[in-house]
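A.B. asks: Using the working numbering, the letters of the sequence shown map in sequence onto residues 231 to 385.
The structure under discussion is supplied below as structure tokens; questions concerning it will follow.
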Amino acid sequence: MGRRALGDEFAEFFADVEPGLRRALVARYGAERGREATAEALAYAWEHWPKVQAMERPVGYLYRVGQSRTRRLRLTRRDAFAPADPAELPCVEPGLPRALSSLSERQRVAVVLVCGFGWQLHEVADLFGVKTTTVQNHVDRGLAKLRIDLEVIDD
231 MGRRALGDEF
241 AEFFADVEPG
251 LRRALVARYG
261 AERGREATAE
271 ALAYAWEHWP
281 KVQAMERPVG
291 YLYRVGQSRT
301 RRLRLTRRDA
311 FAPADPAELP
321 CVEPGLPRAL
331 SSLSERQRVA
341 VVLVCGFGWQ
351 LHEVADLFGV
361 KTTTVQNHVD
371 RGLAKLRIDL
381 EVIDD
């Protein structure tokens with residue numbers, strides 16, 4: 231197969247995978263660091279395209295690549311989810327970034343992807359390499375903590 235055909239295949243893969251991978255890594259690390267992790271993971275995918283192309287779950291693998299390549303930047307969760315300027319986020323509860331930072335990594339990523347971006351539980355399970363019920367538990371527990379932190383009362 232020619233270099234052009236490989237480039238076309240990768241471009242299609244990139245278009246399909248990049249938005250979801252970016253959302254997952256931003257949910258994990260915050261906007262700036264999450265975008266950097268996404269770029270690192272996709273650069274790895276390009277460098278190792280035949281290997282990545284043959285994988286059963288390439289997005290989950292690239293999520294791990296993004297995690298490992300960004301670990302050297304060592305920021306705290308507080309740095310990644312610093313309180314936002316309310317003027318920049320007019321439709322978001324001002325206490326949400328702080329409340330999200332109080333969740334465990336898995337709870338935060340699961341809640342953001344499922345509730346914020348509309349991912350299906352099985353998609354997040356594939357990303358984490360766990361069962362769907364595990365993701366449901368992360369979402370349920372994360373939402374319960376958020377409701378307490380944000381003083382939300384269910385009717």
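Note that the Cβ used here is the ideal one computed from N, Cα and C, for glycine as well.
So, serine 332 versus lysine 375, is the Cβ gap smaller than 8 angstroms?
C.D. replies: Here residue 332 refers to the residue found at position 102 of the sequence shown. Here residue 375 refers to the residue found at position 145 of the sequence shown. A contact, by the Cβ cut-off of 8 angstroms.
A.B. asks: Quick test of your reading: glycine 264 and arginine 252, contact by CB under 8 angstroms. State the CB separation rounded to the nearest angstrom.
C.D. replies: Along the sequence shown, one-based indexing puts residue 264 at 34. Along the sequence shown, one-based indexing puts residue 252 at 22. Their Cβ separation, rounded to whole angstroms, is 7 angstroms, which keeps glycine 264 and arginine 252 in contact under 8 angstroms.
A.B. asks: State the DSSP-derived secondary structure class of arginine 253, mapped to helix, strand or coil.
C.D. replies: Translated into the one-based positions of the sequence shown, residue 253 becomes position 23. Helix at arginine 253.
A.B. asks: DSSP three-state label for proline 324, please.
C.D. replies: By 1-based counting over the sequence shown, the position of residue 324 is 94. Correct three-state label for proline 324: coil.
A.B. asks: Counting along the chain, where does the alpha helix (DSSP H) carrying isoleucine 378 start and finish?
C.D. replies: Looking up residue 378 in the sequence shown gives position 148. From DSSP, the alpha helix (DSSP H) with isoleucine 378 extends over 362-379.
A.B. asks: Grab me the residues of leucine 292's own chain with a C-beta within less than 8 angstroms of its C-beta, minus the 5 sequence neighbours each way, in chain order.
C.D. replies: For the purposes of this step, residue 292 is identified with residue 62 of the sequence shown, where counting begins at 1. Result list for leucine 292: Val247, Leu251, Ala271, Leu272, Tyr274, Ala275 and Val282, in chain order.
A.B. asks: Using only the alpha-carbon positions, how far apart do valine 344 and alanine 254 sit?
C.D. replies: Here residue 344 is taken as the residue at index 114 of the sequence shown, counted from 1. Here residue 254 is taken as the residue at index 24 of the sequence shown, counted from 1. Cα-Cα distance, rounded: 10 angstroms.
A.B. asks: What is the DSSP secondary structure of tryptophan 349, counted as helix, strand or coil?
C.D. replies: Counting from one through the sequence shown, the residue named residue 349 turns up at place 119. Tryptophan 349 carries a coil assignment under DSSP once its states are collapsed to helix, strand and coil.
A.B. asks: What residue does the alpha helix (DSSP H) around glycine 264 start on, and which one ends it?
C.D. replies: Taking the first residue of the sequence shown as 1, we reach residue 264 at position 34. Taken as a continuous stretch (DSSP letters only), the alpha helix (DSSP H) holding glycine 264 covers 261-277.
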